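In full-length UniProt numbering, the protein residues as written are 1 to 157.
Single-structure report; data block below.
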């Protein structure tokens, strides 16, 4: 396996959306209400009416990396210098260091943009991963748009 991490390109949109939807449904749906699941999956839908909106949202994201196994997108991370919006790794690639490598790339880019901390709304499934790499819970479980999340942050001087 030869995983390559690079910046997101316009042509990655379908692979990224597919990864987000499949991984969210497999690992996070138990943490959400039916409405939360529907709204999340609809937000990332790639029907004709929504595709342009998703594309604009992705292209406006200042920090965005994808992980590829050959040409297949198996991981992605995106956000701003102080906030991680998404981190997803295909379940077949969990526990292989890809998530950690994506977060390292993200944090290094955030540092270049003069950030001292990164905040996230971690899925309950991902909390142990984030704790292993230095993120701390900032509050208890919150409901964010019908999805249970743990607000967390990490100082990145």
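Glycine included, each C-beta is placed from N, C-alpha and C at the ideal position.
Keep in mind that this is a model prediction, so the values were computed, not measured.
Practice prompt. Report yes if the CB atom of residue 24 is closer than 9 Å to the CB atom of residue 41, and no otherwise.
Written response: Counting from one through the chain shown, the residue named residue 24 turns up at place 24. Counting from one through the chain shown, the residue named residue 41 turns up at place 41. Yes, they are a contact pair.
Worksheet item: How many Å lie between residue 80 and residue 128 at the Cα?
Response: For the purposes of this step, residue 80 is identified with residue 80 of the chain shown, where counting begins at 1. For the purposes of this step, residue 128 is identified with residue 128 of the chain shown, where counting begins at 1. Cα to Cα, residue 80 sits roughly 23 Å from residue 128.
Fill in: Buried or exposed (CB count within 10 angstroms, at least 16 for buried), residue 99
Position 99 of the chain shown holds residue 99. In the assembly as shown, residue 99 is a buried residue. Its beta-carbon has 16 or more other beta-carbons within 10 Å.
Item to complete: State the start and end residues of the unbroken beta strand (DSSP E) segment that holds residue 93.
Response: By 1-based counting over the chain shown, the position of residue 93 is 93. Run containing residue 93: none; DSSP gives neither H nor E here.
Worksheet item: For the candidate residues 152, 38, 9, 63, whose alpha-carbon lies nearest to that of residue 134?
Response: As a working mapping, residue 134 is identified with position 134 in the chain shown. Closest in alpha carbon position to residue 134, among 152, 38, 9, 63, is 152.
Discussion item. Looking at residue 150: is its Cβ nearer than 9 Å to the Cβ of residue 141?
Written reply: If you number the chain shown from 1, residue 150 lands on position 150. If you number the chain shown from 1, residue 141 lands on position 141. A contact, by the Cβ cut-off of 9 Å.
Discussion item. I'd like the list of long-range same chain contacts for residue 77, defined as Cβ closer than 6 Å, with 5 residues on each side in sequence excluded.
Written reply: Here residue 77 is taken as the residue at index 77 of the chain shown, counted from 1. Short of 6 Å from the beta carbon of residue 77, and not among the five residues preceding or following it, lie these beta carbons of its own chain, in chain order: 65, 87, 102, 106.
Discussion item. Report the CB separation of residue 46 from residue 14 in whole angstroms; it is logged as a contact under 8 Å.
Written reply: In the chain shown, residue 46 corresponds to position 46, counting from 1. In the chain shown, residue 14 corresponds to position 14, counting from 1. 6 Å between Cβ atoms; contact.
Fill in: Runs of beta strand (DSSP E) lying entirely within the segment 75-124, each at least 3 residues, in chain order
If only uninterrupted beta strand (DSSP E) runs of at least 3 residues are considered, those enclosed by the segment 75-124 are 83-89, 117-123.
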